[in-house]
Amino acid sequence: MKTLSFDEAYCLESFRRLLAVDSTTGWYEEIQALLCAMLDELGCPWTLVHKGGVIAELGGEGEALAVTSHVDDIGLMVRHLNADGTLNVCPVGGLYPFYCMTENVRVHTRDGKVFTGTVCREPNSIHVTEEELRLTPPDFRTNVRVVLDENVKSAAETRALGVETGDVIALEPRLAISNGYIKSRFVDAKSCAAVLLTLIKALRESGETPRRKVYAYFAVYEEIGHGTSWLPADVKDMIAVDIAPTGPDQNSDEHKVSIFAKDSRYPYHWGLTNELRETAIGAGIDYVMDIFTPHYGTDCDTSLVAGHDVRHAAIGPGTANSHGYERTHVDGLRQTYALLAAYLRR
Ligand SMILES: [Zn+2]
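Structure below.
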């Protein structure tokens, strides 16, 4: 059997393409169109989820395995227009103010206009207001605002541009790759979606049909908790591919794949998780077991809560600075890919 070797260049280019399209949770149409185009390039059939999301069909017969990753990102939304023409904002998903200060953004209006700007503290100059900056933590409700790159001085002038409450604000990802280290926002989980695309490419090129029916489910609402609340009726097993946060007392490592034993909601399914662990041992994959508390869940939890009778498991690359300017290593992506590829052949 041909090896499903890891096409690193394709994986990184796919990650770059996914990052180039804003996809703050709930604002999915452009990323969905890109995914469909990328699957078309691979000759892989797909269907759309009605509320948003793409399910690629990898072939095979019988009860299905859904491998899922998400392509939505945490971001912001316009709460109201401040009197000085700046934007008061609220987070969409788990974005904290200290992790987006001074970041560049794009504001997407409901009429399809795009405006650039920056997330700022008020006050905002270390030379003028050092004391306030040091002593007051940033807070979206009181002292954080988005300043547009427009000559506006009042709410009326900003409104006249076409900006309004409920517009979506996407953060600049700022991808940089150096010595194998991948630094960017939204490594969670566009890097994992890129791994899935790379596996689809390898399967298509090998002409191999999976031993069982397999879906690759690209979800667009994971960051707010209902990405895969709907599943095709024939799905019996589910593997989420998502970031494995590193930190004190964590085993996760940017150079390895983590197999999740438990997140902050539930332990993962004993049998399916053991199958992944046995696969990793048998294939000589550089893996660790890890547990993620107190603030972590995957789309597998979503499917269980929605009432699906599925076995669930999760794996992913060790990732630092989660929900900020994240970092992983190409080794972590390679090991994640290798575990998935070996599991599909099990
Ligand atoms: Zn994620």
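For reference, each letter of the sequence shown is one residue, going 0 to 345 in numbering that gives the first Met the number 0. Beta carbons: idealized from backbone N, C-alpha and C, even for Gly.
Enclosing alpha helix (DSSP H) for residue i [first to last residue]
i, result
"Met37", "28-40"
"Asn81", "Here Asn81 belongs to no alpha helix (DSSP H), and DSSP marks it neither H nor E."
"Val194", "186-205"
"Asn273", "269-281"
"Arg109", "No alpha helix (DSSP H) holds Arg109; DSSP gives it neither H nor E."
"Glu7", "7-18"
"Arg344", "Unbroken run through Arg344: none, as it is neither H nor E."
"Leu134", "129-134"
C-alpha gap between residue i and residue j, whole angstroms
i, j, result
"Val151", "Lys189", "35 Å"
"Glu204", "Val145", "46 Å"
"Phe259", "Tyr220", "21 Å"
"Leu25", "Thr318", "Here residue 25 is Gly; the residue named in the question, Leu, does not match the sequence. Roughly 24 Å between the two C-alpha positions."
"Met237", "Arg15", "26 Å"
"Ser257", "Gly281", "16 Å"
"Pro244", "Asn320", "8 Å"
"Tyr214", "Ile284", "23 Å"
"Met288", "Pro90", "31 Å"
"Ala82", "Ala154", "5 Å"
"Gly306", "Pro122", "48 Å"
"Glu277", "Tyr98", "38 Å"
"Gln249", "Val48", "35 Å"
"Glu56", "Val66", "11 Å"
"Leu34", "Ala340", "21 Å"
"Gly323", "Asp72", "11 Å"
"Gly246", "Ile176", "21 Å"
Simplified DSSP state of residue i, which is helix, strand or coil
i, result
"Gly179", "coil"
"Arg326", "strand"
"Thr141", "coil"
"Thr2", "coil"
"Leu57", "coil"
"Ile223", "helix"
"Thr335", "helix"
"Ala239", "strand"
"Leu86", "strand"
"Leu147", "strand"
"Pro244", "strand"
"Thr23", "strand"
"Asp365", "The displayed coordinates of the chain run from 0 to 345. Any statement about residue 365 would go beyond what the structure contains."
"Asn123", "coil"
"Asn103", "strand"
Limits of the beta strand (DSSP E) - the one that residue i falls within
i, result
"Cys119", "113-120"
"Lys261", "256-261"
"Tyr95", "Where Tyr95 is concerned, there is no enclosing beta strand (DSSP E), given that its DSSP letter is neither H nor E."
"Ala232", "Looking at the DSSP string, Ala232 is not in any beta strand (DSSP E), and its letter there is neither H nor E."
"Val167", "167-170"
"Asp289", "286-290"
"Gly317", "310-318"
"Tyr216", "212-218"
"Thr67", "63-69"
"Lys304", "Rather than Lys, the amino acid found at residue 304 in this sequence is Val. No beta strand (DSSP E) holds Val304; the alpha helix (DSSP H) holding it covers 298-304."
"Arg158", "No beta strand (DSSP E) contains Arg158, which is instead part of the alpha helix (DSSP H) from 154-160."
"Leu47", "45-47"
7 Å Cβ shell around residue i - same chain, five flanking residues per side excluded
i, result
"His328", "Gly179, Tyr180, Ile181, Glu253, His254"
"Thr301", "Gly224, His225, Gly226, Thr227, Ser228"
"Leu18", "Pro172, Leu174, Ser183, Phe185, Lys189"
"Lys112", "Gly161"
"Leu271", "Asp236, Arg310, His311, Ala312"
"Leu332", "Cys10, Ser190, Val194, Pro316"
"Arg133", "none"
"Pro96", "Pro137, Asp138, Phe139, Val143"
"Ile314", "Ile238, Val240, Val256, Ser257, Ile258, Phe259, Leu275, Thr335, Leu338"
"Arg158", "Leu80"
Residues of its chain near residue i, where Cβ-Cβ distance is below 6 Å and the 5 sequence neighbours each way are ignored
i, result
"Leu343", "Pro209"
"Ala337", "Ile284"
"Leu230", "Ser302, His307"
"Thr128", "Pro122"
Cβ-based neighbour list, residue i, same chain, cut-off 8 Å, excluding 5 preceding and 5 following
i, result
"Gly165", "Met76, Val77, Arg109"
"Thr135", "Asn142"
"Asp148", "Phe114, Thr115, Gly116, Thr117"
"Lys200", "Asp6, Tyr9, Leu41"
"Glu28", "Gly51"
"Gly296", "Gly224, Asp262, Ser263, Arg264"
"Val88", "Leu75, Met76, Val77, Arg78, Val118, Phe139, Val143, Arg144, Val145, Ile168"
"Arg345", "Arg210, Glu274, Thr278"
"Tyr294", "The sequence given here places His at residue 294; Tyr does not occur at that position. Around His294: Gly93, Ser263."
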